[in-house]
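The structure appears right after this line, and notes come after that.
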Amino acid sequence: MSSLDNLRSAGTSFDDEAVTLAAWFHDAIYEVGAADNEDQSADLALRMLAGRSCAQEVARLVRATAEHRVDTNDVNASALCDADLAILASDSQRYSKYCADVRDEYSQFEDTLYYAGRSRVLEQLLSLDRLFNTDFGYENWESPARRNLETELRSIRPS
Numbered sequence: 023m024s025s026l027d028n029l030r031s032a033g034t035s036f037d038d039e040a041v042t043l044a045a046w047f048h049d050a051i052y053e054v055g056a057a058d059n060e061d062q063s064a065d066l067a068l069r070m071l072a073g074r075s076c077a078q079e080v081a082r083l084v085r086a087t088a089e090h091r092v093d094t095n096d097v098n099a100s101a102l103c104d105a106d107l108a109i110l111a112s113d114s115q116r117y118s119k120y121c122a123d124v125r126d127e128y129s130q131f132e133d134t135l136y137y138a139g140r141s142r143v144l145e146q147l148l149s150l151d152r153l154f155n156t157d158f159g160y161e162n163w164e165s166p167a168r169r170n171l172e173t174e175l176r177s178i179r180p181s
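In my numbering, each number is its position in the sequence shown, counted from 1, plus 22.
What follows is the structure, encoded as structure tokens:
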């Protein structure tokens, strides 16, 4: 079951068509280290969905995944961002695989540079008041995600 399915099953309300399409498009264009991946993916969504009533909303949602800082009243962006970050709340074995996959994705960077950048990402996430905006995400994913992030941060900080 996908994270969006979990949110749907829990009764979280959102525009199913726009959020599902945004989930498909949010990493459609991805270049490691590029600052405009979300903008390019949003532009692709606009081109591919031209003429559909949800095209602008899909593009807006894709752009929201760049920072994961959304208003809790924005149900569509909250659902998409929560689903996107749900991997952070995985069990320890799955989270370890995720960490290895992220490291592999950034394999062109030597360890010192990678760990410094990854630490900044983890610290930024941990600085958020809430990682998850939906009630379901907050109640079910917040604590395990923070535990995983804190454990990863401790493991990569220099002694």
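Even for Gly, the Cβ is constructed at its ideal location relative to N, Cα and C.
Can you give the beta carbon distance from residue i to residue j, rounded, assuming they're within the 8 Å contact cut?
| i | j | result |
| --- | --- | --- |
| V84 | A67 | 6 Å |
| E127 | T87 | Wrong, their Cβ atoms sit about 16 Å apart, outside the cutoff. |
| C76 | A40 | 4 Å |
| L141 | R176 | Reading off the sequence, residue 141 comes out as Ser, not Leu. With a Cβ gap of about 10 Å, S141 and R176 do not count as contacting. |
Determine, using beta carbons only, whether residue i and residue j come nearer to each other than 8 Å.
| i | j | result |
| --- | --- | --- |
| S24 | H48 | no |
| N155 | D113 | no |
| V32 | F158 | The identity of residue 32 in the sequence shown is Ala, whereas the question assumes Val. Closer than 8 Å, so yes. |
| E164 | L153 | yes |
| A111 | P166 | yes |
Between the alpha carbons of residue i and residue j, how many angstroms are there, rounded?
| i | j | result |
| --- | --- | --- |
| Y117 | I109 | 7 Å |
| M70 | V80 | 11 Å |
| D65 | E145 | 29 Å |
| L29 | N95 | 16 Å |
| A138 | F131 | 11 Å |
| D58 | I51 | 9 Å |
| L147 | Q78 | 27 Å |
| A99 | R74 | 19 Å |
Quick one: does the C-beta of residue i sit closer than 7 Å to a heavy atom of the ligand SAM?
| i | result |
| --- | --- |
| V92 | Inclusion of the ligand SAM in the displayed structure is not the case, the ligand content being empty and no account of it being possible. |
- Message: Check whether the region 164-172 and the region 32-43 are in contact - that is, three or more C-beta pairs closer than 8 Å.
- Response: Judged by Cβ distances under 8 Å, the region 164-172 makes no contact with the region 32-43, as fewer than three pairs qualify.
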